[in-house]
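What follows is a short report on a single structure.
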Amino acid sequence: MGRSTTCLSSLGKIKAQMSRAIGSSMAWRFPVGCFANLRVLEIEECNSLKYIIWLPTTQARESVLVFPQLGSLKLERLPNLINFYSTGTSGSQEPSSSFFNQVALPRLESLNLRSMENIRTIWDTCEEEICLDGQNVKSVRKKDPQGYLAFQNLNSLSLYDCTSLKYVFPASIVKGLEQLKDLQIHDCGVEYIVSNENGVEAVPLFLFPRLTSLTLFCLGHLRRFGQEKYTLTCSLLKKLEVYWCDKVIVLFQEKSVEGELDKQPLFVVEENAFPNLEELRVGSKGLVEIWRGQYSSESFGKLRVLSIENCDDISVVIPCSKLPVLQNLEILKVSRCKSVEEVMQGEELAGEKIPRLTNISLCALPMLMHLSSLQPILQNLHSLEVFYCENLRNLVSPSMAKRLVNLKNLWIAVCFSVKEIVRDDGSEATDDVSFTKLEKLRLRDLVNLESFSSASSTFKFPSLEEVYIKRLASLTHLYKIIPGQNLQKLRILELLGCENLEILLTLSMVKTLEQLTVSDCDKVKVIVESEGGEATGNEAVHTKLRRLKLQNLPNLKSFCSARYCIIFRSLTFVDIKECPQMEFFCQGDSFTPSLESVWMNNRREILENDLNTIIHKFTERSWVYVVSPYLSTEIYQFPLMLKEFGEYNPKVLRNAPKLLSYVWSIPREKVHDEEDAEEGDSESSITGRGFCGRRHRGRGFWGRKLILRAKM
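In this text, residue positions in the sequence shown follow the numbering used here: the first is 10, and each later residue adds one.
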């Protein structure tokens, strides 16, 4: 810092981060005017820094500290920073009324302040204290808004973790912020965005005409946007986010309303408010309504995205009176709202539509029992996602299902009461129900789901490409979810953790598959079953399968039990793990001309002419079992020892009671106690390494274990 003022005046950018030199100082010492060309100033993690600039006493209070070219200012994680500058010989002083007191930043466009715990006000509140009869009294002194108080080019302001900050803007400076486009406030102590504590600007204010994005996040003390009534002219506002501002009663209020404040909605604005708003994301526990009153077609008329989260007191998301306003709504997300009973008010929906609504996501709505109120808006829906709705019993009726002609994605997860997707409403079967454009179906953790529908209608999925089914405990047959017919485009199928699933695929279903994964389905004995009227052993069956994974299937005997000649022309990868009962791949012949790798229990196998030969050689090898009654599931070191088995395929058995019952079921001639092994027994000595030497509550060494060699 010993360079000349002339050299400093040529600097265009200063960036300091975790600097020891700065961190040990209270301020930088520079004369006024030395930063004439500085355009970017960034200071981060200088823990001891209290002031950015130190000024000699003779220069303080007599002139304004000017940064004529500074366009970007970023101050982050400066826990001891008090003011922008300091005066006096010691480099310290009493904090001024605001952070930017007597600081001119006429070209500043971007201001970012983060984790500055001592900052109470950013801009001067235009007040001074005078002594009257021995008491300090605050009086207002007008200042030219185009003078040093004006930040007339500021277009982006971000405030994070400024816990001592009580408000953002004093009323006197708001009119000078006509260029502000982006305002983000996170985790600050503000009660108002615009403060009017001293009666300045008693008439209604006209705020932020060019603001396009406003984010208010985790402001636990925020009550309103402005302390007084004002006119919000944010005609260009496109994105509004309000999350975790739980003390907010009325965020925007332009007019007086009747009723108690604790029953007010988020908006009490004029009829033509927010004409360009495209995204509205709200999540605050105290809200009862999002909006109230009548709005013209221009208000919220361009709203495309509506997201409501953590609003515990809202029972209806969209009242029927707002449907005519939301004609351009495309995405609707509602999550973690424990009182929501209806997404839309159903009584007066006849004839009303939201023609552009394509995506609906509903998550953690415990009071939601049905989706019947959505019937008028289903016709253009592309994606429907429903998660954690514990009292929801089904999604739609057959008549509603017929409206889902454009649905492409259906995802249902963790809805424990759902027994079927399309309920049986008791009506006689009419025409077939075809999900003409459905491409992706995902069902997860639906413990009571038994079938797609118990209705007598026939359901078709001509465009279905991907199916993901995970942990459907009540599902026994795959065709109850997706029928074997009309699946010409099915490419990806994953079945995971369906413990009662028995019957999987027919040959007609597997012909189009490219990726197949089956895992943790205990009752599955065969992947592809024979089906009457299909190919015989003299006919070749071609499949498009490229990747196959079969894992943790304790009763699996084979991939295909019928005597088909199957040609896997595109199959390149096979992974078979923990399928101890598997004896062969196909009952008939199988050809895999493109096969590149086969993995059996995490070991890559030598490629053979066909998969039957590979599996046969694998099952001929002995398995080595290492059994210890005291082996804990938390012993993470144990798998390291398993690498020493070499050509064998080690399998770990845990849980002492089951271990013992298993051990005694093995023929005695196949059981060897390691302690009785001879010194030269290489197999016993190999398995003994890395395992002995630790006592377990006085019950001897863990090294005592049984080594089992048995054919699977």
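Beta carbons: idealized from backbone N, C-alpha and C, even for Gly.
Below 8 Å on the Cβ atoms is my contact criterion, and I expect ILE441 with PRO407 to pass it. Report the Cβ-Cβ distance as a whole number of Å. In the sequence shown, the residue the question calls residue 441 occupies position 432. In the sequence shown, the residue the question calls residue 407 occupies position 398. In the sequence as presented, Ile is not what sits at residue 441; that position holds Asp. With 8 Å as the limit, ASP441 and PRO407 do not qualify as a contact, their Cβ atoms being about 10 Å apart.
By DSSP, does MET409 sit in helix, in strand, or in coil? On the sequence shown, position 400 is the one that residue 409 refers to. Correct three-state label for MET409: helix.
Give me the DSSP bridge partner(s) of TRP420. For the purposes of this step, residue 420 is identified with residue 411 of the sequence shown, where counting begins at 1. According to DSSP, TRP420 bridges with GLU394 and ARG451.
I believe GLY235 touches ILE202 by the beta-carbon criterion, under 8 Å. Please report the beta-carbon distance rounded to the nearest angstrom. For the purposes of this step, residue 235 is taken as the residue at position 226 of the sequence shown. For the purposes of this step, residue 202 is taken as the residue at position 193 of the sequence shown. The Cβ separation is near 7 Å, so the contact holds.
Cβ shell of ARG129 (< 6 Å), same chain only, five flanking positions each side left out: Your numbering for residue 129 matches position 120 in the sequence shown. The answer, listed in chain order, is SER173.
Where SER233 falls, given that 16 or more other Cβ within 10 Å makes a residue buried: Position 224 of the sequence shown, counted from the start, is the residue given in the question as residue 233. Correcting the residue type first, residue 233 is Arg in the shown sequence and not Ser. Around the Cβ of ARG233, a 10 Å sphere holds 16 or more other Cβ atoms; the residue is buried.
For LEU458, the nearest candidate out of LEU404, ASN418 and LEU192 (CA to CA): To locate residue 458, count along the sequence shown from 1; it is residue 449. Of the candidates LEU404, ASN418 and LEU192, the one whose C-alpha sits nearest the C-alpha of LEU458 is LEU404.
Taking CB distances under 8 Å as the criterion, tell me whether THR130 reaches chain D. Given the protein chain composition of this structure (a single chain), no chain D is represented.
Give the DSSP-derived three-state secondary structure of MET378 in the structure shown. Here residue 378 corresponds to residue number 369 of the sequence shown, with the count starting at 1. Looking at MET378 - three-state DSSP - the assignment turns out to be coil, as it is neither helix nor strand.
Sequence-distant residues of its chain with Cβ nearer than 6 Å to ILE421 (five each side left out): Translated into the one-based positions of the sequence shown, residue 421 becomes position 412. If the five residues before and after ILE421 are omitted, its C-beta is found closer than 6 Å to the C-beta atoms of VAL395 and LEU452, all from its own chain and listed in chain order.
Neighbourhood of ILE363 by C-beta, 7 Å cutoff - its chain only, sequence neighbours within 5 removed: Numbered from 1 along the sequence shown, position 354 holds the residue referred to as residue 363. Excluding sequence neighbours, ILE363 sits near LEU332, LEU335, GLN336, LEU338 and ILE386.
Going by other Cβ atoms of all chains shown within 10 Å of its Cβ, with 16 needed for buried, is SER465 buried or exposed? Translated into positions along the sequence shown, residue 465 becomes position 456. Result: exposed.
Reference SER95, options ARG48, ARG86, CYS595 and PHE109, closest by Cα: Looking up residue 95 in the sequence shown gives position 86. Of the candidates ARG48, ARG86, CYS595 and PHE109, the residue whose Cα lies closest to the Cα of SER95 is PHE109.
Under a three-way DSSP split, which group does GLU51 fall into? For the purposes of this step, residue 51 is identified with residue 42 of the sequence shown, where counting begins at 1. Strand at GLU51.
Same chain, Cβ closer than 6 Å to PHE226, neighbours up to 5 away in sequence not counted: One-based indexing of the sequence shown puts residue 226 at position 217. Leaving aside the five residues that flank PHE226 on each side, the residues in its chain whose CB is nearer than 6 Å to its CB run, in chain order, HIS195 and TYR252.
Measuring only the C-alpha atoms, how far is LEU7 from LYS311? This structure leaves residue 7 out entirely; the chain is present only between 10 and 721.
Which residues does DSSP pair with GLN524 in a beta bridge? Position 515 of the sequence shown, counted from the start, is the residue given in the question as residue 524. Within the DSSP secondary-structure output, GLN524 pairs in a beta bridge with ILE501 and ARG556.
From VAL352 to GLN384, what does the alpha carbon distance come to, in whole angstroms? In the sequence shown, the residue the question calls residue 352 occupies position 343. In the sequence shown, the residue the question calls residue 384 occupies position 375. About 11 Å.
For GLN161, which residues of its own chain have a beta-carbon under 8 Å away from its beta-carbon, when the five flanking residues on both sides are left out? The sequence position of residue 161 within the sequence shown is 152, counting from 1. Contacts found: PRO115, GLN155, GLY185, LEU186, GLU187 and GLN188.
Would you mind sorting ALA180 into buried or exposed? The rule is 16 or more other CB atoms within 10 Å of its CB. Stepping through the sequence shown from its first residue, residue 180 is reached at position 171. In this structure ALA180 is buried. Its beta-carbon is surrounded by 16 or more other beta-carbon atoms within 10 angstroms.
Can you find the residues in the same chain that come closer than 7 Å, C-beta to C-beta, to PHE600, ignoring five residues on each side of it along the sequence? The sequence position of residue 600 within the sequence shown is 591, counting from 1. These residues qualify, in order along the chain: ILE576, PHE577 and ASP619.
Give every residue of the same chain whose Cβ lies closer than 8 Å to the Cβ of ASN611, excluding the five residues on either side of it in the sequence, and list them in chain order. Numbered from its first residue, the sequence shown carries residue 611 at position 602. Answer for ASN611: LYS586, listed in chain order.
Check each candidate in GLU508, LEU504, LEU559 and GLY597 and name the one with the smallest Cα separation from CYS574. Along the sequence shown, read from residue 1 onward, the residue named residue 574 stands at position 565. Ranked by Cα distance from CYS574, the options GLU508, LEU504, LEU559 and GLY597 are led by GLY597.
Does DSSP put SER173 in a helix, in a strand, or in coil? Residue 173 sits at position 164 when you count from the first residue of the sequence shown. Coil at SER173, not helix or strand.
Determine the closest residue to LEU514 out of GLU508, MET609, GLN494 and ASP531, with distance taken between C-alpha atoms. Along the sequence shown, read from residue 1 onward, the residue named residue 514 stands at position 505. Measuring from the Cα of LEU514, the nearest candidate turns out to be GLN494.
When DSSP builds the beta bridges, which residues end up paired with TYR488? To locate residue 488, count along the sequence shown from 1; it is residue 479. The partner list for TYR488 (beta bridge, DSSP) is empty, contrary to what the question assumes.
For my contact list, LEU90 and MET125 are in at a C-beta cut-off of 8 Å; report their separation, rounded to the angstrom. Position 81 of the sequence shown, counted from the first residue, corresponds to residue 90. Position 116 of the sequence shown, counted from the first residue, corresponds to residue 125. Yes, LEU90 and MET125 are in contact; Cβ-Cβ is about 5 Å, under 8 Å.
Label LYS489 either buried or exposed according to how many other C-beta atoms from any shown protein chain fall within 10 Å of its C-beta, with 16 as the threshold for buried. Residue numbering aside, residue 489 sits at position 480 when the sequence shown is read from its first letter. So LYS489 counts as buried.
Would you mind sorting ASN56 into buried or exposed? The rule is 16 or more other CB atoms within 10 Å of its CB. Taking the sequence shown and counting its residues from 1, the one referred to as residue 56 is at position 47. By the 10 Å Cβ count, ASN56 comes out exposed.
Just how far apart, CA to CA, sit SER382 and PHE309? The residue labelled residue 382 in the question sits at position 373 within the sequence shown. The residue labelled residue 309 in the question sits at position 300 within the sequence shown. Approximately 22 Å, taken between the alpha carbons.
Taking 7 Å as the limit between beta carbons, can you name the residues of its chain near PHE568, skipping five residues before and five after? For the purposes of this step, residue 568 is identified with residue 559 of the sequence shown, where counting begins at 1. Here the set comprises ILE536, VAL537, PHE594 and CYS595.
Return helix, strand or coil for ILE695, following the three-state DSSP convention. One-based indexing of the sequence shown puts residue 695 at position 686. Because the pLDDT at ILE695 is just 29, under 50, the model does not fix this residue reliably, and the value given afterwards should be weighed accordingly. Reduced to three states, the DSSP call for ILE695 is helix.
Which one of VAL533, ALA571 and MET409 has the shortest CA to CA distance from LEU565? On the sequence shown, residue 565 is found 556 positions in, with the first residue counted as 1. It is VAL533 whose Cα lies nearest to the Cα of LEU565.
Drop a sphere of 10 angstroms on the beta-carbon of GLN497, count the other beta-carbons inside from all chains shown, and report buried for 16 or more, exposed for fewer. For the purposes of this step, residue 497 is taken as the residue at position 488 of the sequence shown. With fewer than 16 Cβ atoms within 10 Å of its Cβ, GLN497 is classed as exposed.
Starting from LYS586, trace the beta strand (DSSP E) both ways and give me its first and last residue. To locate residue 586, count along the sequence shown from 1; it is residue 577. In the DSSP assignment, LYS586 falls within the beta strand (DSSP E) that extends over 582-586.
So for GLU508, helix, strand or coil by DSSP? One-based indexing of the sequence shown puts residue 508 at position 499. Here GLU508 sits in coil by DSSP.
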